[in-house]
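Undergrad: Let me begin by handing over the structure; questions about it come next.
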Amino acid sequence: MNKTARPAVLVARAVFPEVIERLRGVFEVEANPDDRVWSRAEFSTRLAGKQGALITGSERIDAELLDAHPQLRAVCNMAVGYNNIDVPACSARGVVATNTPDVLTETTADFGFALMMATARRMAESERFLRRGEWTKWSYDMFTGSDIHGATLGVLGMGRIGQAIARRGVHGFGMKLVYHNRSRLAPEIEAALGARWVGKAELLEASDHLVLVLPYSAESHHAIGAAELAAMKPSATLTNIARGGIVDDAALAQALREHRIAAAGLDVFEGEPALNPALLDLPNVVLTPHIASATVATRRAMADLAADNLVAALTGGTPPTPIDPGVPRRA
Ligand code: 8YV
268 MNKTARPAVL VARAVFPEVI ERLRGVFEVE ANPDDRVWSR AEFSTRLAGK
318 QGALITGSER IDAELLDAHP QLRAVCNMAV GYNNIDVPAC SARGVVATNT
368 PDVLTETTAD FGFALMMATA RRMAESERFL RRGEWTKWSY DMFTGSDIHG
418 ATLGVLGMGR IGQAIARRGV HGFGMKLVYH NRSRLAPEIE AALGARWVGK
468 AELLEASDHL VLVLPYSAES HHAIGAAELA AMKPSATLTN IARGGIVDDA
518 ALAQALREHR IAAAGLDVFE GEPALNPALL DLPNVVLTPH IASATVATRR
568 AMADLAADNL VAALTGGTPP TPIDPGVPRR A
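Residue numbers (the numbering used here): 268 to 598.
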């Protein structure tokens, strides 16, 4: 292929150098080695003349941006969640939008389970206490938490990651499982997990440990707010590894302060990387910076899959993981 005819692509955030090198073998690549989070205006300026973009959750793709860049043919997200992409707007314009499902399922489930356990067993709070030099004696009730084994695990959003967390709870820790999802699991999967589908109200009431794994959308915005928190057991924990905005963080901070639930584990926040300062002052919340998929192997697999999608989309191939498989391509 004539070098000047190679498609031009933008890689919006820093990523494994090997992945950039591979893309340079196929495309003219503009990368972001300093990993600055570009403003929307700068992102748009850099998209000029690009046929494709490898993006992350930090970059928003909407109708206005697509209309400003009619040459754009593919946006490949290095994430399974795609609430940063207006998929119908892409499909309507023949722009292929892709995400990275499957490759992060088990890693993200490991983290969700670990965060739930850290929350229930007060690991972060007790570690801070120890580091402050406050550990002077054993006490029968020092950092007593709640059990995971034998407890009732509640899962809101029973997709791939929800099911992987459920497997850990049921098969590894003998937990009972209740879940709520728009569509029920196939009967054989429900049977294998001993899973009970319940309405959202019953899920809130029954869960000892409630884990949120649903996609963010207008419908799931503040799915957990003051009323939902009030319906939970005072001994319950809440873990959010899905998206900020699914939980009303201000209402959660208040519920934690008033011990209306026991504790929370949060990997995602409304308006992240900023977070509600009220959360920082609370002892009974474990806070992590959106790292549920962050193992070296999984981040590499996500980057490789995003690159596979970009290469296929712009070289006449079939992208492995399109979000909307039916989209006719922009010429
Ligand atoms: C990403 C995620 O790290 O895949 C997702 O949906 O939330 C994370 O795995 C993050 O979105 C960066 O793009």
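Glycine included, every Cβ here is placed at the ideal spot set by N, Cα and C. As the structure is a computational prediction, the values presented were derived from the model and not from experiment.
Quick one, which of A570, D329, P544 has its alpha-carbon nearest V282's?
TA: Comparing Cα positions, the closest option is A570.
Undergrad: With respect to the beta strand (DSSP E) encompassing G319, which residues constitute its N-terminal and C-terminal limits?
TA: Taken as a continuous stretch (DSSP letters only), the beta strand (DSSP E) holding G319 covers 319-322.
Undergrad: Start and end of the beta strand (DSSP E) containing L505?
TA: Residues 504-507.
Undergrad: What ranges does the alpha helix (DSSP H) occupy inside the region 509-568, keeping only unbroken runs of at least 4 residues that lie completely in it?
TA: List check, alpha helix (DSSP H) in window: 516-524, 544-547.
Undergrad: Is the separation between the beta-carbon of R435 and that of F380 shorter than 9 Å?
TA: Yes, these two residues count as a Cβ contact at 9 Å.
Undergrad: From D414, V370, L332, pick the residue whose C-alpha is nearest to that of C357; which is it?
TA: Ranking the options by Cα distance to C357, first place goes to L332.
Undergrad: Rounded to whole angstroms, how far is the Cβ of G439 from the Cβ of L479, which I believe are closer than 8 Å?
TA: Wrong, their Cβ atoms sit about 20 Å apart, outside the cutoff.
Undergrad: Closer than 7 Å by C-beta to D353: which residues in its own chain qualify, once you throw out the five before and the five after it? Chain order, please.
TA: Closer than 7 Å at Cβ, skipping near neighbours: I328, D329, A330.
Undergrad: State the DSSP-derived secondary structure class of I456, mapped to helix, strand or coil.
TA: In this structure, I456 counts as helix in the three-state DSSP scheme.
Undergrad: Which of the three DSSP states, helix, strand or coil, is assigned to A490?
TA: A490: coil per DSSP, three-state reduction.
Undergrad: Report the three-state DSSP secondary structure of G584 (helix, strand or coil).
TA: In the structure shown, G584 sits in coil (DSSP, three-state: anything other than H, G, I, E or B).
Undergrad: Straight-line CA distance for I220 to V296?
TA: In the structure as shown, the chain starts at 268 and stops at 598, and residue 220 therefore has no counterpart that could be examined.
Undergrad: Determine, using beta-carbon pairs with one atom in the region 390-404 and one in the region 457-475, whether at least three such pairs fall under 8 Å.
TA: Verdict: no, contact absent.
Undergrad: The beta strand (DSSP E) with T365 in it runs from where to where?
TA: First-last of the beta strand (DSSP E) with T365: 363-365.
Undergrad: Return yes when the C-beta of T506 is under 8 Å from any heavy atom of the ligand 8YV, and no when it is not.
TA: Checking every heavy atom of the ligand 8YV against the Cβ of T506, none is found closer than 8 Å.
Undergrad: From N576 to G593, what does the alpha carbon distance come to, in whole angstroms?
TA: Approximately 15 Å, taken between the alpha carbons.
Undergrad: May I have the straight-line CA-CA distance separating H336 from T506, to the nearest angstrom?
TA: Straight-line Cα distance between these residues: approximately 39 Å.
Undergrad: Would A573 pass as a contact of M345 if the rule is Cβ separation under 9 Å?
TA: Yes, these two residues count as a Cβ contact at 9 Å.
Undergrad: Cβ atoms of W305 and E285: under 9 Å apart, would you say?
TA: Contact: no.
Undergrad: Residues in its own chain within less than 7 Å of P368 by CB, not counting five upstream and five downstream?
TA: Here the set comprises V347, R427, T588.
Undergrad: Considering only residues of the same chain and omitting the five flanking positions on each side of T375, which have a CB-CB separation below 7 Å?
TA: So the list reads I428, I508, A559, S560, once near-sequence residues are dropped.
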